[in-house]
Every structure is written in C-alpha cells, then in structure tokens.
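Q: Let me give you the structure first, and then I'll get to my questions.
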Amino acid sequence: MISNSMQNCTLHIFNLQLKECATLPQPQMEKRTREDVYGFGFSPATGHYEVLRILTRKWQPGKSEAQVHTIGIDNGWRTIGKNCTLTMAKKWPDHLKKA
1 MISNSMQNCT
11 LHIFNLQLKE
21 CATLPQPQME
31 KRTREDVYGF
41 GFSPATGHYE
51 VLRILTRKWQ
61 PGKSEAQVHT
71 IGIDNGWRTI
81 GKNCTLTMAK
91 KWPDHLKKA
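In UniProt numbering, the protein residues as written are 1 to 99.
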C-alpha cells in the first residue's frame, strides 16, 4: 500500500492472499498540512508490519514529520521524527507526465 494525500479518508490495509482488511486509526489531521504520504513495510528487527506517515506543513517548508503505526500493536500513530529535512518536491502527476 502506498498512498498520497489521504486527508479526511479512512485508511485500510488489505491482505490479498488472506482476503482480509484492517482499518487503521485516523491520524491527527491539521488543516494547514501541505501533504501526507503513506508507505507500508515490514520491520525485520521487530517482526511487525508498519505504516509510515510523512507530513509536511505549509508553515514549515522543507521540514517534515514522520509518524508510524505498528499493525496489531499501536492504537494510534507515534511520532518518530520532527523537523526532518525530508521533502516531497515531486507530486505524483509530475512523475506520471514523464512515464
């Protein structure tokens, strides 16, 4: 699962092999958030699946916040980094134009 700009939407994780679906907790949303990007992965260190959320705020260009939700463990989202110099300069439509 990879998602881009999912504000005010319910997030789901689908296991196509098991035909199961899990609903993720709604992250704290801010009206002035410029962009949210989500990614999904497995942590070999913990043996858990995790969803990563990276958000950039309009009033802090060039600074991002990283949050994580561990499937089956967390009830919400944990902040794992603030004021990260992680930028999302390219938008999906820009990438698609070059494809």
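Where is the CB? At the ideal position from N, CA and C, for every residue including glycine.
1) Going straight from the alpha carbon of residue 56 to that of residue 10, what length do you get?
2) Helix, strand or coil for residue 41? Go by DSSP, reduced to three states.
3) Quick check: what's the CA-CA separation for residue 47 versus residue 16?
4) For residue 21, which of helix, strand or coil comes out of DSSP?
A: Straight from the coordinates:
1) 19 Å
2) strand
3) Distance between the alpha carbons of residue 47 and residue 16 is about 20 Å.
4) Assignment of residue 21 by DSSP, reduced to helix, strand and coil, places it in the strand class.
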